[in-house]
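Chains as they are written, first to last, in the working numbering: chain V, 1152 to 1390; chain E, 8 to 420.
Think of the CB as a built atom: it goes at the ideal place given N, C-alpha and C, for glycine as much as any other residue.
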Amino acid sequence: MSDDAPPPAAAPPSEQEGPVRVLVADDHPMWREAVARDLEEAGYQVVATASNGAEAVRRAAATSPQVVLTDLQMPGVDGVEATRQIVAADPRVRVLVLSASGEQADVLEAVKAGATGYLVKSASRPELLDAVARTARGDAVFTPGLAGLVLGEFRRMSSEPTVDRATGVQSALTDRETEVLRLVAKGLSYKEIASRLVLSHRTVQNHVQNILGKLQMHNRVELVRYAIATGLEDPAIDD
Amino acid sequence: MTSPGTEERPTGPSPEVASGPTPEPGRRGRRDLRQPQRDLGFAAALWRAVEVFRAVAVVYAVVAYATREEPYRNPVLGWCVLALMAVWSLVVWRAPRRAVWLLVTDLVLACGSVLATLAVDTTALAAATNTLPLVWPAAAVLSWAVWRGPVTGVIAALAVGAADLVVIDPVDRATLHNIVLLLLAGAVVGFAAELYERSRRELAEAMEQAAAARERERLARDIHDSVLQVLAFVQRRAAELGGEAGELARMAGEQEVRLRALVSGRPRPTAATSTDQGDTTDLTAALRSLSSSRVTVSGPAGPVLLPAAAVADLVAAATACLHNVEAHAGEGARAFVLVEDEVSAVVLTVRDDGVGVDPGRLEQAEADGRMGVSLSVRGRVADHGGRTSVWSRPGEGTEVEMRVPRPGRPPRH
């Protein structure tokens, strides 16, 4: 999150089928161009750019990117809604949110809607490339800021446990997952977390992945429950 | 951009981003202006009512004067006075605004018309405890009352009343009754006018504030879409250049954070909840002002509400911890501030990735006063019933965890 962050510059990804296809969505032309240029220089293929959410959704459908890099505040359909629609249309698409800081609630919504990572716009180029590379690999990109948000969200969810009981969906975090998430939120790298908790790097990665999965699952369950509650009002649904 | 897909690149929409929000507030602004004008119209209506009263009073005086059967001592003078009253009533009616000279002249003429009774006819009029202008002078009293409230109203009433006392002899109950009524009219109408004026001003102020808040919101949106983007961009690009540009990057980053804190400093969470638990504020929002290129602040998306005093102390404690990081954690150390909202407590952690201290030497360092701030940190946290724990290891940075119980939670259950 700062200008001298430790993560190493990402090597251009070497996927089996050529360069990773990326879509860049940002309403600010300066940002859009700069990010697209950085990605192309690093060996990615920028298949499309978009200046608003509706365009992003349309062009994602047309160009089937592997990674969508999106801003949150865009005119019309915003980044959160675009993320929801893009992931709904093709669950294999990975969405990385690149947002100005100070949009906590929106970031959380985007992640619930299916984004798998979040990076502030002030992040350095190596950080950005690293984040895109990780997103392309299918890993979650958890910054301390996002970890703090997700941690807070699980705490909030645990204070209203009826959702879980009614649906039987296991969306509470295990103690270990909470521990990992807290350390991420305190700025420790996966490597540092692995050594502190005596785990493998991969295990830490998996925990983070599971945390994200639970959050998104919970969100889907909540949406369904909401739809049922408002649309059908069928009391027999929660047996 | 050399890849095949780039034809997709959009061309048009950015100007709409810059200019989009502007017209709407402008339209709102015009609507706000119309409101006070309507209020002025209401005040004008009040004046108009006084003028109508004045006109009717002239007609009444003329009719009463013309229909009296007993002869006057000086009937021509009487008609002259009545004519002057009518002309003056017309002048005031047509006057565009209530200038001070107009009001003063009005009162002088009111008293004068009363005194003129002496010259026109002494006994006959006075016997009926009436003066030549009858109720006409009350219009001047009402004008004064509407002008500056009950005080001026009563002053005018006293002046007219004094003139009455000079003219009417002997003074009887009815005369005093009339004077008291005049005083009451001056006071009551003045009070009402003042009340109206005050509420009008308050309304205008409230509307001004609402307009200012809207304008601020619009500015915040605009700044977010423009200046902050540029600052973040400068920060990122300059950081890549290194050297002197690196310093630029750092400054741009700090200004970005500061500006963001400024434009996003909306009292939204506090306003919503201050009623139910006394004065509470959002701890996370307060801490965000500490973020910089080296300090990351994270916490839940929703507000973490604590009493304002506790928030102030926790922010001060976090600030002290960050100073400590700067002083002792080593070159380039970064700090992470985390707010956790647990059921019965709020946990604030300040961690750095600096050089750290050997656990055994931690107490030693504390005793030496090298980490003297930790004393003030502990004190501040303890003031709110909280605990502070410090964890550190060489090479792994230092972590200060402050756990403050939530006030008011346990008794509720």
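- [ ] Specify the secondary structure class of Leu122(E) as computed by DSSP and reduced to three states.
- [x] helix
- [ ] Give, in chain order, every unbroken run of the alpha helix (DSSP H) that is at least 4 residues long and sits entirely within the stretch 1164-1227 of chain V.
- [x] The alpha helix (DSSP H) runs lying completely inside the stretch 1164-1227 of chain V and spanning 4 residues or more are 1180-1192 and 1204-1214, given in chain order.
Task: Pair within 8 angstroms by beta-carbon distance, Leu1223(V) and Ala1261(V) - done: yes
TODO: Step through the CB atoms of chain E and report whether any lies within less than 8 angstroms of the CB of Glu1304(V).
DONE: Closer than 8 angstroms: yes.
Task: Nonlocal neighbours in the same chain, by C-beta distance under 7 angstroms from His1358(V), ignoring five residues either side - done: Arg1327, Glu1328 and Val1331
TODO: Can you say whether Thr1294(V) is buried or exposed, counting buried as having 16 or more other CB atoms within 10 angstroms of its CB?
DONE: Looking at its Cβ environment, which holds 16 or more other Cβ atoms inside 10 Å, Thr1294(V) is buried.
Open item on the list: Considering only DSSP beta bridges, list what Glu1254(V) is partnered with.
Closed with: In DSSP, Glu1254(V) forms no bridge with anything.
Task: Residues from the stretch 1350-1364 of chain V in contact with chain E, defined by Cβ distance under 9 angstroms - done: Contact residues of the stretch 1350-1364 of chain V toward chain E are absent (C-beta to C-beta distance below 9 angstroms).
Task: Local Cβ density within 10 Å of Gly1364(V), reported as buried at 16 or more and exposed below that - done: exposed
Open item on the list: Run through chain V and tell me which residues come within less than 8 angstroms of Pro157(E), C-beta to C-beta.
Closed with: Going along chain V, no residue has its Cβ under 8 angstroms from Pro157(E), so there is no contact; the nearest lies around 53 angstroms.
Task: chain V contact for Val407(E) (CB, 8 angstroms cutoff) - done: no
Task: Residue from Ala117(E), Arg301(E) and Leu294(E) with nearest C-alpha to Val322(E) - done: Leu294(E)
Open item on the list: On a Cα-Cα basis, can you pick out the residue from Ala102(E), Ala152(E) and Ala163(E) that is closest to Gly119(E)?
Closed with: Comparing Cα positions, the closest option is Ala163(E).
Open item on the list: So the candidates are Thr291(E), Ala50(E) and Thr287(E); which of them puts its Cα closest to the Cα of Ala315(E)?
Closed with: Thr287(E)
TODO: Could you tell me whether the Cβ atoms of Val196(E) and Val153(E) are closer together than 8 angstroms?
DONE: yes
- [ ] Pick helix, strand or coil for Val127(E), following the three-state DSSP scheme.
- [x] Three-state DSSP puts Val127(E) in a helix.
Task: Where Glu1232(V) falls: helix, strand or coil (DSSP) - done: Three-state DSSP puts Glu1232(V) in a helix.
Task: Nonlocal neighbours in the same chain, by C-beta distance under 7 angstroms from Arg1306(V), ignoring five residues either side - done: none
TODO: Please work out which residues of its chain come closer than 6 angstroms, Cβ to Cβ, to Asp348(E), disregarding the five sequence neighbours upstream and downstream, and give them in chain order.
DONE: Cβ within range, chain order: Pro307 and Val311.
- [ ] List the residues of chain V whose Cβ lies closer than 8 angstroms to the Cβ of Gly337(E), in chain order.
- [x] Those within 8 angstroms of Gly337(E) in chain V number zero; the least Cβ separation is about 13 angstroms.
TODO: Answer with buried or exposed for Lys1337(V), where buried requires no fewer than 16 other C-beta atoms within 10 angstroms of its C-beta.
DONE: buried
TODO: Hey, could you find the ends of the beta strand (DSSP E) Asp359(E) is sitting in?
DONE: Start and end: Ala352 to Asp359.
- [ ] Look up Thr1325(V) in the DSSP assignment and say whether it is helix, strand or coil.
- [x] coil
TODO: Leaving aside the five residues before and after Thr2(E) along the sequence, list all residues of the same chain whose C-beta is less than 6 angstroms from its C-beta, in chain order.
DONE: Here chain E covers residues 8 to 420 and nothing more, so residue 2(E) does not appear.
- [ ] Using the DSSP secondary-structure output, state which residues sit across from Leu1247(V) in a beta bridge.
- [x] Leu1220(V) and Gly1268(V)
Open item on the list: Against chain E, with Cβ distances strictly below 8 angstroms, would Ala1345(V) count as a contact?
Closed with: no
- [ ] Give the residues of chain V in contact with Leu235(E), contact being defined as C-beta atoms less than 7 angstroms apart.
- [x] What Leu235(E) touches in chain V: Ala1251.
TODO: Could you list which residues in chain V have their beta carbon closer than 7 angstroms to that of Thr303(E), in chain order?
DONE: Met1152, Pro1295, Gly1296 and Gly1338
Task: Cβ-Cβ distance between Pro1226(V) and Asp1178(V) below 8 angstroms - done: The answer is yes: Cβ separation under 8 angstroms.
Task: Close beta carbons around Glu1343(V), own chain, < 8 angstroms, minus the five adjacent residues each side - done: Once the five neighbours on either side are set aside, the close Cβ partners of Glu1343(V) are Leu1334.
- [ ] Report buried or exposed for Tyr1377(V), applying the criterion of at least 16 other Cβ atoms within 10 angstroms of its Cβ.
- [x] Classification for Tyr1377(V): exposed.
Task: Where Arg413(E) falls: helix, strand or coil (DSSP) - done: coil
TODO: Tell me whether the beta-carbon of Gly1268(V) lies closer than 8 angstroms to the beta-carbon of Val1244(V).
DONE: No, these two residues do not count as a Cβ contact at 8 angstroms.
TODO: Round the Cβ separation of Ser299(E) and Val264(E) to the nearest angstrom and send it over; I've been treating them as touching at under 8 angstroms.
DONE: 6 angstroms
- [ ] Please state whether DSSP places Ser150(E) in a helix, a strand or coil.
- [x] helix
Open item on the list: Check for me: the beta strand (DSSP E) holding Glu1343(V) runs from which residue to which?
Closed with: Glu1343(V) -> not in any beta strand (DSSP E); alpha helix (DSSP H) instead, spanning Tyr1341 to Leu1348.
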